[in-house]
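Everything on this sheet refers to the single structure shown next.
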Amino acid sequence: MTALPDTTNAAHDFVGIGLGPFNLGLACLTEPIGELDGVFLESKPDFEWHAGMFLDGAHLQTPFMSDLVTLADPTSPYSFLNYLKEKGRLYSFYIRENFYPLRVEYDDYCRWAAGKLSSVRFNATVTEVTYDESDGLYTVATAAGETYRARHLVLGTGTVPYIPEPCRGWTADCSTTRCTHGARRNCWTRSPSPSSAAGRAPPRSTTSCSPGSTSTATGSTGSPAPRGSSRWSTPS
1 MTALPDTTNA
11 AHDFVGIGLG
21 PFNLGLACLT
31 EPIGELDGVF
41 LESKPDFEWH
51 AGMFLDGAHL
61 QTPFMSDLVT
71 LADPTSPYSF
81 LNYLKEKGRL
91 YSFYIRENFY
101 PLRVEYDDYC
111 RWAAGKLSSV
121 RFNATVTEVT
131 YDESDGLYTV
141 ATAAGETYRA
151 RHLVLGTGTV
161 PYIPEPCRGW
171 TADCSTTRCT
181 HGARRNCWTR
191 SPSPSSAAGR
201 APPRSTTSCS
211 PGSTSTATGS
221 TGSPAPRGSS
231 RWSTPS
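Just so we're aligned, residue 1 is where the sequence shown starts under UniProt numbering, counting upward by one.
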């Protein structure tokens, strides 16, 4: 559930910019606290976590208890276990005998949680942030002309894909190149199935142009992958 934008000049306790797992976890933990009034602004139309990096056959490097909320509030309705219960998959997850969620499973869990929050605003691209020392408030403006005022600012914009200098210029057209950044993997066809996954990605991953491990390129949308294998570099 996504609430409507502000129509008044009332000040929030905080405004969060960006909605990755960290700010999403904060949104889940603060949602039930009536004394706190916060809002989270995300430029994308929906929650998106490491798009294009759902490599087959891998999972998170941490068990399900390190979800959005459990270690801070085990009773939270936004826990991974409650997600499994609502999806009718609690028992099947248990008998799988692997408590490390699949990567696509974790992405779906985050989307499920984001869809339940009233404090989240999608399609809200922040264009300006100012601070007024006279009243101690931040003013956050969006591309749609909305403004949000708050006593605190929470930045959760994340990092950007890093491409080493020797590889720049090789990755522009993923329909022909065999060297690309993992974050652009979704420009190829074939969506990852719910049973496939990838390990928890590092904050910043790199493209490799040198020989290394190979992976048949598949993704979710766009043009077919080039023939042969593509080179990937993924820190352990």
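A virtual CB, placed ideally from N, CA and C, is assigned to each residue, including glycine.
Query, Result
"Beta-carbon contacts of residue 151 that lie in its chain and below 8 Å, excluding the five residues immediately before and after", "11, 12, 13, 14, 136, 137, 138"
"Three-way DSSP call (helix, strand, coil) for residue 142 in this model", "strand"
"Distance cut-off 7 Å: residue 48 Cβ against heavy atoms of the ligand ADP", "As for the ligand ADP, it is missing from this structure, which has no ligand bound."
"Neighbour-count burial assignment, residue 88, 16 or more Cβ in a 10 Å radius", "exposed"
"Residue 31 vs residue 134 beta-carbon contact at 8 Å", "no"
"Buried versus exposed, by CB contacts within 10 Å (16 or more), residue 36", "exposed"
"Under 8 Å between C-beta atoms of residue 64 and residue 54", "no"
"Pair within 8 Å by beta-carbon distance, residue 23 and residue 154", "yes"
"Alpha helix (DSSP H) runs wholly inside the region 93-173, at least 4 long, in chain order", "103-114"
"Beta-bridge partners of residue 27, as assigned by DSSP", "Paired residue(s): none; residue 27 is not in a bridge."
"8 Å Cβ cutoff met for residue 29 and residue 76", "yes"
"Cut-off 7 Å between Cβ atoms - residues of its own chain near residue 158, not counting five sequence neighbours on either side", "18, 20"
"Nearest-angstrom Cβ-Cβ length linking residue 109 and residue 91, presumed shorter than 8 Å", "Actually they are not in contact, since the Cβ atoms of residue 109 and residue 91 sit about 17 Å apart, beyond 8 Å."
"Residue 19 in three-state terms, based on DSSP", "coil"
"DSSP beta-bridge partners of residue 11", "149"
"Cα-Cα separation between residue 112 and residue 127, rounded to whole angstroms", "28 Å"
"Nonlocal neighbours in the same chain, by C-beta distance under 8 Å from residue 193, ignoring five residues either side", "For residue 193, the pLDDT reaches just 42, beneath the cut-off of 50, and the residue's location in the model is therefore unreliable, leaving the point undetermined."
"Cutoff 7 Å; reference residue 131; Cβ partners in own chain excluding five residues on either side", "138"
"Contact under 8 Å by Cβ, residue 147 with residue 43", "no"
"Residue 101 beta carbon less than 8 Å from that of residue 59", "yes"
"Residues that residue 38 bridges to, as DSSP identifies them", "14"
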